[in-house]
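Report on the following structure.
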Amino acid sequence: MRTLLYIFLFFPTLGFSQNLTSTTNINITKSWSQEPSGYNYPINIRVPIGTVPPNGFPVCILLHGNGGNGGGMINQFANLLECHALVAPTGYLNSWNICAENSDAPDIEMIKDLVNLLQGYSNIDSNKIRIIGSSNGAGLANNIFIENSNTGIDIVCAIVSHLNEPQYHLGNFYKPSALTDPLSSFCGYDNLVNPLATRKYLSISNVNDLVIPYAGGTSVVGVDFLPAETAAFYIAQNNGFTGSQLTSGTTMGSPQVTEYSYLSGAVVHIKGDAGHSANVTQREYIKSYFSDCEATLGINDYKPNKVKVYPNPTNSIITVTEFSDQVNQYSVFNILGQQVLSGSITSKITHIDLSELVSNIYFLKINDQVIKIIRK
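Residue 568 is where the sequence shown starts when you use the numbering used here, and the numbers rise one by one after that.
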């Protein structure tokens, strides 16, 4: 296979900049037998507006399902991972090369180049490059977990596609040594691999998924799968777990899901019943797992216990109890660090109406104190 890489970076402002922005163009072109003249991967980008965190923004590379595209993935995750830079390529024929797909593209090589490029931007945290894949994209995310050796990739999340048998068989992880071939044994995944044991892994699968069988076995996508819980256990073993496979987990949330957690959360499997998609509880678990907005754009966590806010979360109005007789100003910031409300606190009990704000996370700032509030 012949591979070409053309990289063209366009910065819209005058002068040279090393910051990644939502209008940065990253062009990666690969050639192979289907595209001898080269295929340019379209790449959508969204970078948060506001102060850059001290170590740079964490990045999440989003990998769409079969028939999807990068723009759709940005739309899905923009309100979930508000404090991550989101980078979403579109695969050849809107697919990713796992086994029986129409695409034979060198997607793993493309991701390798993309990660290396992202680590070169000054406003990006080079040690917090994350991967989220959905369905067919989760298959690629699993291949990245297995094959990619860049230690800057610290979290991989696979949504509704756990390990398949080509990726793990005969007690080991494998990658293809040549083009994938659905007619070959294990689709041509014949090269033994020892995945990095340092990155976190989150899988989300559903017991009523009609595309990817939760209990393992033959699927409509052309490959056989491991049981979802067993697949997570094998990844936990790779990462250093020496105990037995978990036979029960912790139920949580509404809709209810079950968490199977290994190595203090370093490897987690979430079982649900959302079919071939992720429900609200699973999506919120992703947000928590990625620690999105734990240090929000220059706004420090609230520490002094001088202000109380309730109810929190709220549907509309919050009550602020402020233990001071002096007049104070308050400001409400959105997740991007933009002020969306302001006013005065003239008594020890103040009501603030948030009904005009969309459902999201906000931050109430009174003097040097900041409280995270959730508008439901």
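Just so you know, even glycine gets a beta-carbon here, dropped at the ideal spot from N, CA and C.
- Excluding the 5 residues flanking it on each side, P609 has same chain C-beta neighbours closer than 8 Å at N636, G637, P656 and T657, in chain order.
- A Cβ-Cβ distance of about 6 Å is found for the pair N690 and F624, placing them in contact under the 8 Å criterion.
- Check the Cα spacing between N694 and each of N683, V847 and L908: the tightest is with N683.
- Nearest to T765 by alpha-carbon distance, out of I641, S909, S786 and A833, is A833.
- Considering only Q905, I912 and T886, the residue with the shortest C-alpha distance to L921 is T886.
- If you draw a 10 Å sphere on the C-beta of E923, you find fewer than 16 other C-beta atoms in it, and that means exposed.
- Under a 10 Å Cβ-count criterion, A725 is classified as buried, with 16 or more other Cβ atoms of the shown protein chains found around its own Cβ.
- Contact between the segment 727-746 and the segment 788-796 is present, with at least three C-beta pairs closer than 8 Å.
- Between R613 and I641, the CB-CB gap stays under 8 Å.
- The Cβ atoms of E826 and G810 do not sit closer than 8 Å to each other.
- Here V824 is buried. Its C-beta has 16 or more other C-beta atoms within 10 Å.
- When beta bridges are read from the DSSP output, P656 appears opposite I610.
- The segment 620-634 and the segment 695-710 touch, with no fewer than 3 CB-CB distances between them shorter than 8 Å.
- Of all alpha-carbon atoms in Q905, H736, V925 and K932, the one lying nearest the alpha-carbon of I912 is that of K932.
- Short of 6 Å from the beta carbon of A845, and not among the five residues preceding or following it, lie these beta carbons of its own chain, in chain order: I726 and I771.
- For R942, the uninterrupted beta strand (DSSP E) segment begins and ends at Q936 to R942.
- In the displayed model, C627 falls within a strand according to three-state DSSP.
- Setting aside the 5 residues that flank it on each side, S828 is surrounded in the same chain by V835, each with a C-beta closer than 6 Å to its C-beta; the list follows chain order.
- Under the DSSP assignment, A799 falls in the alpha helix (DSSP H) whose first and last residues are A795 to N805.
- With respect to Q585, Y688 sits close: the two C-beta atoms are nearer than 8 Å.
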